[in-house]
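Peer 1: Protein chains in written order, with full-length UniProt numbering: chain A, 1 to 356; chain B, 1 to 278. The beta carbon of each residue, even a glycine, is placed where N, CA and C say it ideally should be. Can you read through this structure? Questions will come right after.
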Amino acid sequence: MSDPILSVRKAVKTYGEFRALDAVDLDIREGEFLTLLGPSGSGKTTLLSAIAGFTALSAGEVHARGSNITRLPPEKRDFAMVFQGYALFPTMTVAENVGYPLRVRKYGRSALQARVRDCLDLVQMGQFADRMPHQLSGGQQQRIALARALSFEPDVLLLDEPLSALDKKLRADLQWELKALHERLGVTFIYVTHDQDEALSMSDRIVILKDGAIQQEGAPGALYDWPRTRFVANFLGKSNFISADVVGQGAEGLTVEAAGQRFTLAPRPGLAPQGPVSLALRPERIRLGAPGQEAFTGRVRQISYLGERCQVLVDHDVLGEVLVSQPTWHAGLRPEPQMDVSFGWGAGACVPLLET
Amino acid sequence: MNEKLRYWMLVLPGLAVMVIFYIWPVLNIWGISVTEPAAGLGNYTRMFDSRAVQVSFVLTFRIAAITTVACLILGYVVAYTIANFAGRVRPLMLGLVLLPFWVSVLIRSFAWIVLLGRSGLVNDTLIGAGLIATPIRFMHNELGVLIAMVHVMLPFAVLPMLTNMRGISDSYMKAARGLGASEWRAFREVYFPQTLPGVFSGGLLVFVLSLGFYVTPALLGGGRVMMISEYITYQIQEFLNWGLGAALSVVLLLATALVLLVAARFVNLRKTFLERSS
């Protein structure tokens with residue numbers, strides 16, 4: 001692996017007693033789409049702001065291409081940032097906004113105009129060059145903000161919840177566009193969001209933060225399938241949690257017992273070979289069936305119809321409330337409230353958590 | 001009761017007060033200016049020929065202009081500090097800006113006399129410290145009038161600018177710096193242009209109020225810095241020259257209206273005078 005383009009070392013930021021960042025270590029590879037994901041107050045925006053240079057760290061360092069930039073002011077870092085509210089300068093036209101970083105960098109007149117045109121074309125906003133920002137819709141403003149940030153060909157693009165102010169459909173469209181733009185330009189994207197769908201759909205790698213510390217990082221699929229903690233399992237998608245006891249160890253993994261049933265888990269490094277263990281079980285991995293068909297028996301409490309999927313809350317004597325999610329179109333069983341049902345899951349559906 | 005009737009019932013008392021105690025007297029003054037002591041435009045020709053009147057008008061506009069510029073520069077710094085750095089002490093700082101409003105202009109002007117007089121606090125301190133041998137003349141000249149007027153007018157400059165600045169998100173400055181502009185450049189090119197509406201509002205307010213200001217110039221000027229309001233008072237109280245006094249009032253009113261008219265091209269007047277709540 002090549003040297004990281006950016007690395008954050010033991011970053012700490014305190015506000016009085018509150019630790020917004022608690023010894024965060026993070027390496028960012030050149031060209032990757034990295035997402036900082038976490039609930040509000042998790043430190044994700046503080047981390048981005050420290051990378052950008054707007055927040056001075058209480059301790060720790062930020063390095064870019066091997067040199068220490070911790071004390072460098074934001075304008076000397078050559079990163080571009082896209083803000084939540086876009087922050088287009090209201091007194092300048094669209095073209096002046098996009099050209100601003102170039103003007104600061106003393107581009108010649110014709111080079112500047114050509115570059116502005118290219119950048120506006122890149123985001124399909126060429127015909128809006130002479131408009132003022134307030135004449136544009138939210139999605140259009142977002143595109144201009146992107147064009148402005150990309151105009152000076154920065155190494156790293158920092159995005160602070162850029163889509164959060166847009167409506168759901170537009171957000172989905174722009175997710176595709178951002179992803180395509182990233183692939184086309186090869187610029188490193190560092191993306192902050194609290195929206196797990198955004199994180200899953202666009203990122204090469206997701207870093208999940210909580211209380212100023214990294215909970216877990218990895219590719220979207222790896223994180224979704226192998227959450228380390230209860231928090232990750234529930235923040236990225238939904239999970240049922242089952243308390244089980246390890247009762248044996250075999251070649252194909254650990255045998256555990258929960259609610260009177262024994263089953264085998266796929267092996268996971270770092271897992272204690274005995275004692276109690278907490279299992280995460282994705283709702284979509286659970287099968288519903290007629291009574292007796294599956295291993296566990298329960299009663300349907302509530303149903304929530306979501307169009308493509310149908311979520312069913314099932315009560316079980318020992319496991320408690322179990323959330324099941326099944327595609328509406330091939331539901332073998334049409335559950336009704338108060339119906340007695342059975343449920344079960346295949347091998348590998350339960351993932352043992354390493355911490356609770 | 002229909003809507004229209006209700007509307008007029010609500011508006012009528014205020015309207016009546018305005019007509020009886022403001023519009024009618026103003027019209028009377030217009031009348032006096034062309035009838036006293038003789039019918040015709042005699043007062044106006046006399047006025048425009050008078051060297052003293054010309055001097056007073058020039059003085060009035062000059063003092064108003066200097067006061068406005070000084071208030072804008074000082075007020076900008078105050079408003080910027082409160083809007084961007086004050087944090088937890090913001091209510092206190094805002095309170096200090098508003099505090100003078102609860103003390104009469106008369107008292108504030110007398111306070112300046114105590115401070116700036118020949119043996120006032122400022123001169124005594126400077127002499128005591130050995131910095132000067134003879135007292136500086138701070139009063140009964142333009143300097144004294146300006147010092148006191150800037151003080152009295154400052155809140156009128158601060159408030160519109162502060163309201164304007166508090167509406168400017170700090171992400172603009174951040175964005176500019178993130179895009180490569182130094183702090184000073186970001187302020188100059190991104191922040192400052194956004195504050196211009198507040199600057200114009202504050203400036204207009206101070207200028208218009210200064211044009212007709214009476215108490216402070218009269219007290220600090222000691223009869224030697226005759227701004228137009230004081231000149232009018234003199235004409236009427238000392239010389240019982242109602243005709244000329246009235247004509248001067250009309251011209252001052254028209255001059256002020258002209259200023260507003262010109263300003264309306266650059267400033268949203270409705271915002272300046274009606275929605276100045278912070």
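Applying the criterion that 16 or more other CB atoms from any shown protein chain within 10 Å of the CB defines a buried residue, is Tyr-191 (chain A) buried or exposed?
Peer 2: Classification for Tyr-191 (chain A): buried.
Peer 1: Distance, Cα to Cα, Val-103 (chain B) vs Phe-156 (chain B)?
Peer 2: In a straight line, the C-alpha of Val-103 (chain B) is about 15 Å away from that of Phe-156 (chain B).
Peer 1: Would you kindly check if the distance between the Cβ of Phe-33 (chain A) and the Cβ of Thr-193 (chain A) is under 9 Å?
Peer 2: No, they are not a contact pair.
Peer 1: Any residues in the region 110 to 136 of chain A with a beta carbon nearer than 8 Å to a beta carbon of chain B? Which ones, in chain order?
Peer 2: Listed in sequence order: no entries.
Peer 1: Assuming Thr-60 (chain B) contacts Met-153 (chain B) under a Cβ cut-off of 8 Å, what Cβ separation, rounded to an integer in Å, is found between them?
Peer 2: Going by Cβ atoms, the distance from Thr-60 (chain B) to Met-153 (chain B) rounds to 14 Å, so no, they are not a contact pair.
Peer 1: For the region 146 to 177 of chain A, enumerate the residues whose C-beta is nearer than 8 Å to any C-beta of chain B, in chain order.
Peer 2: Taking 8 Å as the Cβ-Cβ cut-off against chain B, the residues of the region 146 to 177 of chain A that qualify are Arg-148, Ala-149, Phe-152 and Leu-158.
Peer 1: Express the C-alpha separation of Ser-56 (chain B) and Ser-182 (chain B) in angstroms, rounding to a whole number.
Peer 2: For Ser-182 (chain B) and Ser-56 (chain B), the distance between alpha carbons rounds to 47 Å.
Peer 1: At what residues does the alpha helix (DSSP H) containing Pro-25 (chain B) begin and finish?
Peer 2: Per DSSP, Pro-25 (chain B) belongs to the alpha helix (DSSP H) from 24 to 35.
Peer 1: Quick one, which of A:Ile-214, A:Arg-309, A:Glu-17 and A:Ser-342 has its alpha-carbon nearest Asp-317 (chain A)'s?
Peer 2: That would be A:Ser-342, whose Cα lies nearest to the Cα of Asp-317 (chain A).
Peer 1: What did DSSP end up calling Tyr-7 (chain B) once you bin it into helix, strand or coil?
Peer 2: The answer is helix: DSSP assigns Tyr-7 (chain B) an H, G or I state.
Peer 1: Within 10 Å of its beta-carbon, does Ala-11 (chain A) have 16 or more other beta-carbons around it, so buried, or fewer, so exposed?
Peer 2: By the 10 Å Cβ count, Ala-11 (chain A) comes out buried.
Peer 1: Does DSSP put Arg-265 (chain B) in a helix, a strand or coil?
Peer 2: DSSP places Arg-265 (chain B) in coil when its eight states are reduced to three.
Peer 1: Which one of A:Leu-223, A:Ala-222, A:Pro-227 and A:Pro-273 has the shortest CA to CA distance from Val-246 (chain A)?
Peer 2: Nearest of A:Leu-223, A:Ala-222, A:Pro-227 and A:Pro-273 to Val-246 (chain A), Cα basis: A:Pro-273.
Peer 1: Tell me the residue span of the beta strand (DSSP E) that contains Asp-245 (chain A).
Peer 2: Looking at the DSSP string, the run of the beta strand (DSSP E) that includes Asp-245 (chain A) is 240 to 250.
Peer 1: According to DSSP, is Asn-84 (chain B) part of a helix, a strand, or is it coil?
Peer 2: Asn-84 (chain B) falls in the helix class under three-state DSSP.
Peer 1: Report yes or no: do three or more beta-carbon pairs, one from the region 220 to 239 of chain A and one from the region 199 to 210 of chain A, lie closer than 8 Å?
Peer 2: Yes, they touch.
Peer 1: So, is Ile-73 (chain B) buried or exposed, given that buried needs 16 or more other C-beta atoms within 10 angstroms?
Peer 2: By the 10 Å Cβ count, Ile-73 (chain B) comes out exposed.
Peer 1: Please tell me whether Lys-4 (chain B) has its Cβ less than 9 Å away from any Cβ of chain A.
Peer 2: Taking Cβ atoms only, chain A never reaches closer than 9 Å to Lys-4 (chain B), which makes this a no.
Peer 1: Can you check the region 247 to 277 of chain A for any beta strand (DSSP E) of at least 3 residues that lies completely inside it and give the ranges in chain order?
Peer 2: You should have 253 to 258 and 261 to 265.
Peer 1: Closest to Ala-148 (chain B) by C-alpha separation, out of B:Pro-100, B:Arg-6 and B:Val-251, would be which residue?
Peer 2: Checking every option, the nearest Cα to that of Ala-148 (chain B) belongs to B:Pro-100.
Peer 1: Would Phe-235 (chain A) be called buried (16 or more neighbouring beta carbons within 10 Å of its own) or exposed?
Peer 2: Buried.
Peer 1: Just to confirm, are Arg-224 (chain B) and Asn-141 (chain B) a CB contact at a threshold of 9 Å?
Peer 2: Contact flag set, yes.
Peer 1: Could you tell me whether any Cβ in chain A is nearer than 9 Å to the Cβ of Ala-176 (chain B)?
Peer 2: Yes - at least one Cβ of chain A is within 9 Å of the one on Ala-176 (chain B).
Peer 1: Got a sec: is the Cβ-Cβ distance from Thr-91 (chain A) to anything in chain B below 9 Å?
Peer 2: Answer yes: the Cβ-Cβ gap between Thr-91 (chain A) and chain B drops below 9 Å somewhere.
Peer 1: For Cys-119 (chain A), which option in A:Ala-213, A:Ala-95 and A:Glu-294 has the closest C-alpha, if you only look at C-alpha atoms?
Peer 2: Looking at the Cα atoms, A:Ala-95 is the closest of the given residues.
Peer 1: Leaving aside the five residues before and after Pro-352 (chain A) along the sequence, list all residues of the same chain whose C-beta is less than 6 Å from its C-beta, in chain order.
Peer 2: Excluding sequence neighbours, Pro-352 (chain A) sits near Leu-265, Arg-268, Leu-271, Val-277 and Leu-279.
Peer 1: Which residues in chain A have a C-beta closer than 7 Å to the C-beta of residue 354 (chain B)? List them in chain order.
Peer 2: Residue 354 (chain B) is absent from the structure shown; chain B starts at 1 and stops at 278.
Peer 1: Does the beta carbon of Arg-137 (chain B) come closer than 9 Å to any beta carbon on chain A?
Peer 2: No, its Cβ sits nowhere closer than 9 Å to a Cβ of chain A.
Peer 1: Per DSSP, residue 439 (chain A) forms a beta bridge with which residues?
Peer 2: Summary: the structure shown does not reach residue 439 (chain A), with chain A confined to residues 1 through 356, and so no result is reported for it.
Peer 1: Who does Leu-159 (chain A) pair with in a DSSP beta bridge?
Peer 2: Looking at the DSSP assignment, Leu-159 (chain A) forms a beta bridge with A:Val-82 and A:Tyr-191.
Peer 1: So which residues of chain A does Arg-185 (chain B) contact, with C-beta pairs closer than 8 Å?
Peer 2: Those within 8 Å of Arg-185 (chain B) in chain A are Val-104.
Peer 1: Is the distance from the Cβ of Ala-264 (chain B) to the Cβ of Met-161 (chain B) below 9 Å?
Peer 2: Contact flag unset, no.
Peer 1: So that I know if they touch, is there some Cβ in chain A lying closer than 9 Å to that of Leu-179 (chain B)?
Peer 2: Output row for Leu-179 (chain B): interface = yes.
Peer 1: DSSP on His-140 (chain B), reduced to helix/strand/coil?
Peer 2: If DSSP states are grouped into helix, strand and coil, His-140 (chain B) belongs with coil.
Peer 1: Give the interface partners of Ser-249 (chain B) over in chain A, defined as CB-CB distance under 7 Å, in chain order.
Peer 2: Residues of chain A passing the Cβ test: none, with the nearest at roughly 40 Å.
Peer 1: Is the CB-CB distance between Ala-147 (chain A) and Met-125 (chain A) below 9 Å?
Peer 2: Contact flag set, yes.
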